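Structure record follows, encoded as structure tokens.
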Amino acid sequence: RSRPNSTCLHECVARKPGPYQFASDGLNSGFSMHKTGDESVKFGGAEGETRFCRTLPDILSEHLGERPHIDYLSLDLEGAELDILESLDWSRITIDVISIEIHEWDHPASVNRLTTLLDRQGFRFFERLGVDDIWIRQRGLTGHPACANPGLFFAEDPDAGAGARRDWSRLRETLRWLLGELEAKLRDGLDG
């Protein structure tokens, strides 16, 4: 009701389309250890039903067109987040903010691959809220994502106070504040 223009889909998403074993295990539901056939997938769990999975790019193209723009993408795929992000054609999609539930802190190589991928696509780490990392696409501040703007940094919101909540309840306010900071930095850079 609060989002009348949104579409709710019940889809199974994977890096490649095809049939996958899906394990229902309460909060840990997700892919079982092996795809039906020969390809391994990330999530381990009890055997369950077989579901046909589609790629996120195919779903986005079907519902948003060939060059989709997404204001906010939340990924909570029980360990398959990196696989799904690697499946995107970044030349055909724009995403402003991504929140990603991180499951693999005990696997630094996976976290480094995720960080490198997002850095190369022009995203900058903004904040960690619980187990979710918030990444924001840097627009118009530098010519290339590999060239960090040394004058840009994210200070704490001075109006938030010492006991500010650092959870989803303040995400909208935090993003508005961030947008104001980025616009001010951009104006200062153009005026100077």
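Under the UniProt record's numbering, the sequence shown has 154 at position 154, and the numbering climbs by one with no breaks. Idealized CB from N, CA, C, for every residue including glycine. Values in this document were obtained by computation on a predicted structure and should not be read as measured data.
In chain order, what residues of the same chain have a beta carbon less than 6 Å from the beta carbon of residue i, not counting five sequence neighbours either side?
i    : result
I134 : S99, F126, E127
V97  : Y72, I136
G130 : none
P68  : L60, I93
W90  : Q121
E173 : none
L118 : W135
F123 : W135, R137
Where does residue i fall in DSSP's three states?
i           : result
I59         : helix
L129        : strand
residue 193 : Lying before the first or after the last residue shown, residue 193 is absent from the chain, which here runs from 1 to 192.
E173        : helix
R92         : coil
G180        : helix
P17         : coil
T50         : strand
S99         : strand
D76         : coil
R120        : helix
S6          : coil
C12         : coil
Beta-carbon within less than 8 Å of residue i's beta-carbon, same chain only, minus the 5 sequence neighbours each way: which residues are those?
i    : result
R54  : E11, C12, V13, A14, P17
R176 : none
L9   : I59, H63
With a threshold of 7 Å on Cβ separation, who are the neighbours of residue i within its own chain once the five nearest residues in sequence on each side are excluded?
i    : result
I95  : I70, L73, R137
F153 : For F153, the pLDDT reaches just 38, beneath the cut-off of 50, and the residue's location in the model is therefore unreliable, although a value from the coordinates is still provided. Cβ within range, chain order: n/a, list empty.
D132 : S99, I100, E101
L88  : L56, P57
T7   : H63
Less than 8 Å between the CB atoms is what I'm expecting for residue i and residue j, so what's the real figure, rounded?
i    : j   : result
L114 : L75 : Not really, about 10 Å apart at Cβ, beyond 8 Å.
R92  : E62 : Not a contact, Cβ separation roughly 14 Å.
F52  : P4  : Not really, about 29 Å apart at Cβ, beyond 8 Å.
For the candidate residues the options, whose alpha-carbon lies nearest to that of residue i?
i    : options         : result
L77  : L56, P108, F123 : L56
F22  : T7, S6, T50, N5 : T50
L60  : E183, L182, L85 : L85
S110 : R124, F123, A80 : A80
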